[in-house]
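The UniProt record's numbering applies: residue 1 is where the sequence shown begins, and numbers increase by one. Heads up, the beta-carbon is just placed ideally off N, CA and C, and yes, glycines get one too. Since the model is a prediction, treat every value here as computed from it, not as a measurement.
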Amino acid sequence: MNAYFDEVNGRWKKVSVEIKSVQSMVEEVIDCWRKYNACVDVLTVLLNDGERVMSRSADEKQVGKCD
1 MNAYFDEVNG RWKKVSVEIK SVQSMVEEVI DCWRKYNACV DVLTVLLNDG ERVMSRSADE
61 KQVGKCD
């Protein structure tokens with residue numbers, strides 16, 4: 001009976017360590033998503049503006065330099 005309890009206790013310790021490790025990873029992922037959500041709107045505008053500039057003809061790009 002003691003061997004069984006020792007085995008269960010050992011398994012529980014391993015599971016406990018794994019849960020703590022996964023918890024810290026999940027917290028890090030959540031933090032990264034919060035940062036992404038805080039910046040995505042500004043980044044989207046910047047990328048859209050860049051695409052518009054890059055799709056201009058060479059002449060239009062030259063005119064844009066004088067603005």
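- In the structure shown, residue 1 adopts coil according to DSSP, grouped into three states.
- Per the coordinates, the alpha-carbon of residue 48 lies some 22 Å from the alpha-carbon of residue 34.
- For residue 61, the CB contacts under 8 Å within the same chain, skipping 5 residues up- and downstream, are 53 in chain order.
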